[in-house]
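To keep things clear, I will list the structure first and then write my remarks on it.
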Amino acid sequence: MQRIWILSELYFPEETSTGYILTYIAEGLAEEYEVKVITGPATNFLHRDAYPDYEIKNGVEIFRCQSTGFNKDFFWGRLVNLVVQSTSILWKAGKLCQRKDIILVVTNPPLLPFVALVLKWLKNCQFVLLIHDVYPEVLVATGLCSSSSLIARIGRIVSALLYTQASKIITLGRDMAKIVKDKLSNNLNKENISSKIYLIPNWAEHETVKPSDRNNNLLLQELGCCDRFVVLYAGNMGKTHGIEDLGEVANILQVDSNIHFVVVGFGAKKKWLEEYVKSYNLQNINIIPLSARPRSEQSVSLNAGDVALISYLPGMAGVSVPSRMYNQMAAGKPIIAVADDWSELAEVVREENIGWVIKPGNIQELVWTIQFAANNRDLCTQMGLRAAEVAKNKYNFAQTNQAYKELFKEVFSS
-11 MQRIWILSEL YFPEETSTGY ILTYIAEGLA EEYEVKVITG PATNFLHRDA
39 YPDYEIKNGV EIFRCQSTGF NKDFFWGRLV NLVVQSTSIL WKAGKLCQRK
89 DIILVVTNPP LLPFVALVLK WLKNCQFVLL IHDVYPEVLV ATGLCSSSSL
139 IARIGRIVSA LLYTQASKII TLGRDMAKIV KDKLSNNLNK ENISSKIYLI
189 PNWAEHETVK PSDRNNNLLL QELGCCDRFV VLYAGNMGKT HGIEDLGEVA
239 NILQVDSNIH FVVVGFGAKK KWLEEYVKSY NLQNINIIPL SARPRSEQSV
289 SLNAGDVALI SYLPGMAGVS VPSRMYNQMA AGKPIIAVAD DWSELAEVVR
339 EENIGWVIKP GNIQELVWTI QFAANNRDLC TQMGLRAAEV AKNKYNFAQT
389 NQAYKELFKE VFSS
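Numbering-wise (this note's numbering), the sequence shown opens with residue -11 and increments by one.
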């Protein structure tokens, strides 16, 4: 049987989006291929049980490598963890991978794809690159370096090398595909570029996420917000997200007792938001750590809002596509997208007429949009029903699974 190796920092039992997504992709591919995963140690904060270094789950062989456990919220701790883990994965893969095997690797963390590149050079293994974030663009957009910096210049060179060496590249949105095409334009002709790039979006978890009556929502009952219009922010509060816009808007809307904000998540900016809420004594916002709500209960959280807010920094179009969008659609919620105009998020919201698109940093328009939505609940309901239908028909795992199988069929036959 043809063999696929998946290299990922995160895998089962991790419940963050990358771990969840890679687990489902692996188990879907295992229906037709021999699939093996090399990943880091289990760190799932909901299940502190020790998971073995080797196990088989749903037809997938899992090899867990050891790593350091420094605080990843600090740059040097995170860097040491990544270097040690990437080296461990390279060592393990170097011993196990064989010449005709195919490797699937995700761009996060950014060192990991270069493990696949080294394996191609050493073992002559082809690799497929799954892009979650585009480097160095994501570093520039988040202010970690300037576009003209040495880091960015080197990043553009090595990412172009990586993209050129990959057999196939999977992008999550049209905006991301455009950036990848631009990166390849100096090295490949248009025909080769088109055949290299696959657009395969992520999916909604229809088995567990469905629309439900807000009046019976346990989270809203717990917070005492059943009679208010609730703006929900659910998911990562990372460096790429416009959490500052969220805080400022909540501050402005303190005067409207009908509107309440619920934030369910984690990430680098969570502490900033908590301190902002405390400093202004905001009573119209609740911040709930993701650890308090396991993934199996996310339908409760996603149905706690009348509208879903997804907020990005400017310059993020093509750099990152929010997988949370699909589950919020599946929950039947209209979306307020604070995003660049040509981003995949903005395109989907506009094309399907399931919400509103606002430029990052336009605080007043965001305030007006939330007030408009609060005063037009019937419109929100209509948009939400449409969103759930779109998610069901266009963004389901069966379609994604089939697309991955067809991609690897093509790679193995080449």
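Every residue, glycine too, gets a C-beta built ideally from N, C-alpha and C.
In the structure shown, residue 16 adopts helical secondary structure according to DSSP, grouped into three states. Here residue 87 carries a coil assignment [DSSP, helix/strand/coil]. No residue range can be given for residue 134, since it is assigned to no beta strand (DSSP E) and is classified by DSSP as neither H nor E. If you check the CB distance, residue 342 and residue 378 come in under 9 angstroms.
In the DSSP assignment, the residues bridged to residue 248 are 218.
Listed as beta-bridge partners of residue 121 by DSSP are 308. For residue 109, the closest alpha carbon among the candidates 325, 153, 353 and 357 is that of 153. Rounded to whole angstroms, the separation of the alpha carbons of residue 325 and residue 375 is 13 angstroms. Rounded to whole angstroms, the separation of the alpha carbons of residue 174 and residue 259 is 42 angstroms.
Beta-carbon to beta-carbon, residue 151 and residue 168 are separated by about 6 angstroms, close enough to satisfy the 8 angstroms threshold. Around the C-beta of residue 291, 16 or more other C-beta atoms lie within 10 Å, and the residue is accordingly described as buried. Secondary structure remark: continuous alpha helix (DSSP H) runs of at least 4 residues inside the region 299 to 383, in chain order: 312 to 318, 332 to 340, 351 to 362 and 365 to 382. In the DSSP secondary-structure assignment, residue 22 is bridged to -9. Relative to residue 46, the option among 22, 27 and 30 whose CA is nearest is 22. Nearest to residue 126 by alpha-carbon distance, out of 402, 302, 86 and 166, is 302.
Per the coordinates, the alpha-carbon of residue 219 lies some 18 angstroms from the alpha-carbon of residue 264. With a 10 Å radius around the Cβ and a threshold of 16 neighbouring Cβ atoms, residue 114 comes out buried. Counting along the chain, residue 52 sits inside the beta strand (DSSP E) bounded by residues 48 to 52. Per DSSP, the continuous beta strand (DSSP E) segment holding residue 156 begins and ends at 156 to 159.
For residue 99, the three-state secondary structure derived from DSSP is coil. Counting C-beta pairs with one atom in each stretch, the region 387 to 395 and the region 180 to 199 have three or more that are closer than 8 angstroms, which means they touch. Residue pairing by DSSP places residue 274 opposite 250 in a beta bridge. A straight-line Cα-Cα distance of about 18 angstroms links residue 105 and residue 159. For residue 43, the secondary structure class from DSSP, reduced to helix, strand or coil, is strand.
Judged by DSSP in its simplified three-state form, residue 92 adopts strand. Here the alpha carbons of residue 249 and residue 207 stand approximately 13 angstroms from one another. Within the DSSP bridge table, the entry for residue 187 names 159 as partners. Rounded to the nearest whole angstrom, the CA to CA distance from residue 215 to residue 40 is 47 angstroms. By a beta-carbon distance limit of 8 angstroms, residue 3 does not contact residue 31. Their separation comes to about 11 angstroms. At a Cβ-Cβ threshold of 9 angstroms, residue 234 and residue 221 count as neighbours.
Here the region 296 to 311 makes contact with the region 331 to 339; the two share three or more CB pairs at distances below 8 angstroms.
Note on residue 9: 16 or more other CB atoms within 10 angstroms of its CB, so buried under the neighbour-count rule.
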